[in-house]
Structures are given as C-alpha cells and as structure tokens.
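S.K.: Attaching a single structure in structure tokens format; questions to follow.
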Amino acid sequence: MAKIIINQDRCKGCFLCVNFCPKGLIKKSVKLNKQGLNFAEFSRRGNLNKGGIPPKAGDLTDCIGCMQCVVICPDCCIEVDK
Amino acid sequence: MKKTFKHCQSLYDLPTHYCPGCGHGIAHRLVAEVVQELGIREKTIGIAPVGCAVVAYDYWNFDCSEAAHGRALAVATAIKRVHPRNIVFTYQGDGDLAAIGTNETIHAANRGENLSVVFINNAVYGMTGGQLAPTTLLGQKTSTSIEGREKKAHGYPLKISEMLALLPGVCYIERVSLHSPPEVLKAKRAIKQAFENQIHNLGFSLVEILSPCPTYWGLAPKESLDWIRDVMQKEFPLGRIK
C-alpha cells in the first residue's frame, strides 16, 4: 500500500495534484500553512466531499502509488512511499 | 515502505519563487532529473536566461552562467567552444529566445552548434507583467493587447521551432507540453534526447515546452493546463518536428 507525504509548508496551493489524483485522495486543507495559503492534504480514503481522515503510520490506504501527483507538482512537495 | 521519489542531487531542496501552478517548477525538475540520470552533473553547464527563470541557477546544483537578455545561445556557443567536453545547455523563455534573442537563436542553430536548448513557451512575457509576446495566440488578451491579439496590428504567433527545423545544422526539434502527467513524462524523454544528442556530438537540439502561466493568462492552475490542451495545442501542435 502506498502513501504520499506532502511538504505542507512548501505547498503553494495550486491543487494540480488534487485534480490529477485518480482516487480523489488529495484535498484542499482548511488550515493555512506558513505562507498563509491553503495547502494540499492527503486523506486516507477517497471521500473528497466529506473530507478524508489523515493517515497514521502503517495504515492501509486507497493510494495506488501511481506518482501522477509527484510528476505534476511544480514545487517538488510530494514524496511517495510504496 | 520505500521512498520511490525524492529530490535528486541536481536540484537543491529549496522553495522556488514561481507562482502557484507555474510550469517552470516542473521544467526545472525535469532538467535536473535528466542531468542526474545521464550522470553528467559534474560536467554540465547551464545558461540561465532573462525572464521568470532568471535565477534558475539558484535551484540547480551544477555549474551555471547568466546571460544578457536573449544572448544565452551566444554565451553557450562560447562556453561550448572553450570547453568542448562539457555539456552546455540553455534554458530560455519565449520572450528571451523568440523575441530579443531571435538573432542569436537562428545563427546558433544555423552554425549547428552542439548545444541543447530548453525553450519554455508560455505565450506571454511572464516576468515583466504579462505583455504580448511573439508567441501570443491570435485573440489572446494580454496587458498590451487588451482586446486580444490582432493579426493586423501584431502579426501572427511566431513558430520558432518550425522555422529552425528548416536549417541543416539542426538535428533534433520536438514540441512537448506540461498539461498532464503523461505529457510531463514525454517532455522528460524529449529533454533527455536533446542531451544525448549533445553527448554524441550530433548538433543543435531544441525542445519547446508549452508551459502554463496561470497568473498572466488569468486562469486557475488547472484551467490553464486545460487551455494548453484545448487552445494552445491547436496553434502549436505537439510532436517531433525534426
């Protein structure tokens, strides 16, 4: 099972990853980061509308590790654990 | 659990100064990954342009030089001739390569200099405030063409890649885009090809990258990618030109 780690303080909030995640696992945060922007947040399950649950270490997730978010992120904020 | 992606050594782990959704961040990473994969980091010399990417050398962990506006290929020619074993590439935007630097671009290509060029085409002048560039599409609104580009007043979008493909000294020209993850991977392959051509002394290679500029297109980041796919690609068709 894969998991992505988003560097939240570097995220500029373009949300390209949100648009390209085939499982809808990334969502816009409610909180603000150091730059004062909403950032992209990883949620464990693909319920984009209800807001996901943040993953804990070792949790099973719906993430398939397709790396599309990594490839499209302009700021190299995302790392993938597979 | 194993990390499948992390920062490569050729790219400093730094936040960039680009706007949210800007294609420069992706293009910088692709160049750094290609340099890393080819194992040429210690002999690569990059030439930064004038434009949004003017401080690209702050982000790349290899030797770089700055050039006067539009003169990156003239500087690159000199560096390549003095250090023929080094890999020299320029990274230029459309205002740099296709406007003020058209002269240098055409003559460097015509001499068949053994260089690689990464050409970022975002159809506006990004750094100076979104003015009309030679590559701006007909009807596209910019800060100096508020009614949209008109052919009578401003002429037609300049297709520099097709122009250069006519020259015998040029060995490789490809137009790629950054509008979706698969296209980004194709762009990386094209950049790699351009670097490999230089390693094998084949001549002048240019990769034109259609890159989003959400700020001066007045679109959200995702909409700007859709605009490349739906509108810009019609004027600048993707694929290998030479």
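In the order they appear, the protein sequences are chains A and B. Counting from 1 along the first sequence, just add 254 to a position and that's the residue number in the working numbering. Counting from 1 along the second sequence, just add 170 to a position and that's the residue number in the working numbering. Think of the CB as a built atom: it goes at the ideal place given N, C-alpha and C, for glycine as much as any other residue. Note that the structure is predicted; figures quoted are calculated from it, not measured.
Taking 8 Å as the cut-off, decide whether the C-beta atoms of residue 199 of chain B and residue 179 of chain B are in contact.
M.R.: Contact flag unset, no.
S.K.: Is the shortest distance between the beta-carbon of residue 286 of chain A and the beta-carbons of chain B less than 8 Å?
M.R.: So, not an interface residue.
S.K.: Kindly say whether residue 330 of chain A, judged by its beta-carbon, lies nearer than 8 Å to any beta-carbon of chain B.
M.R.: At least one chain B Cβ lies under 8 Å of residue 330 of chain A.
S.K.: List the DSSP bridge partners of residue 315 of chain B.
M.R.: Note: residue 315 of chain B sits in a beta bridge opposite B/312.
S.K.: By the criterion of Cβ-Cβ separation under 8 Å, what are the contact partners of residue 356 of chain B in chain A?
M.R.: None at all; the shortest Cβ gap to chain A is about 11 Å.
S.K.: If the cut is a Cβ gap below 7 Å, which residues of chain A does residue 399 of chain B touch?
M.R.: Near residue 399 of chain B there are no residues of chain A at all, since even the closest Cβ is about 12 Å away, more than 7 Å.
S.K.: Quick one: residues in its chain with C-beta nearer than 8 Å to the C-beta of residue 306 of chain B, no 5 flanking neighbours on either side, listed in chain order?
M.R.: Excluding sequence neighbours, residue 306 of chain B sits near 293, 294, 312, 315, 319, 324, 327.
S.K.: Quickly, what does DSSP pair residue 266 of chain B with across the bridge? List them, please.
M.R.: Its beta-bridge partners do not exist; DSSP assigns none.
S.K.: Taking only beta-carbon atoms, is residue 263 of chain B less than 8 Å away from chain A?
M.R.: No, no contact with chain A.
S.K.: Residues of the segment 368–394 of chain B in Cβ contact with chain A at a cutoff of 8 Å, in chain order, please.
M.R.: The segment 368–394 of chain B vs chain A, Cβ under 8 Å: 384, 391, 392.
S.K.: Please determine if the segment 264–281 of chain B and the segment 364–371 of chain B are in contact, where contact requires at least 3 C-beta pairs separated by less than 8 Å.
M.R.: Because the criterion of three Cβ pairs below 8 Å is not met, the segment 264–281 of chain B and the segment 364–371 of chain B do not touch.
S.K.: Is the Cβ-Cβ distance between residue 259 of chain A and residue 323 of chain A less than 8 Å?
M.R.: Contact flag unset, no.
S.K.: Taking residue 347 of chain B as part of the beta strand (DSSP E), name the residues at either end of that continuous run.
M.R.: Its beta strand (DSSP E) spans residues 340–347.
S.K.: Under the three-state reduction of DSSP, which class applies to residue 316 of chain A: helix, strand or coil?
M.R.: The answer is coil: DSSP assigns residue 316 of chain A none of H, G, I, E or B.
S.K.: Mind pulling the chain A residues with CB within less than 7 Å of residue 190 of chain B?
M.R.: Within 7 Å Cβ-Cβ: 266, 267, 268.
S.K.: Any C-beta of chain B sitting closer than 8 Å to the C-beta of residue 260 of chain A?
M.R.: Not closer than 8 Å to any Cβ of chain B, the Cβ of residue 260 of chain A fails to qualify, so no.
S.K.: Could you tell me which chain B residues have their CB closer than 8 Å to the CB of residue 292 of chain A, listed as they occur along the chain?
M.R.: Correct list: empty, because the minimum Cβ distance to chain B is about 11 Å.
S.K.: Using the three-state DSSP reduction, which class does residue 415 of chain B fall into: helix, strand or coil?
M.R.: Coverage of chain B is limited to positions 171 through 412, which leaves residue 415 of chain B absent and any answer about it impossible.
S.K.: Go ahead and label residue 282 of chain A buried or exposed: buried means 16 or more other beta carbons lie within 10 angstroms of its beta carbon, across all protein chains shown.
M.R.: The residue is exposed, with fewer than 16 neighbouring Cβ atoms inside 10 Å.
S.K.: Expressed to the nearest angstrom, what Euclidean distance is found between the alpha-carbon atoms of residue 280 of chain A and residue 372 of chain B?
M.R.: Cα-Cα distance, rounded: 44 Å.
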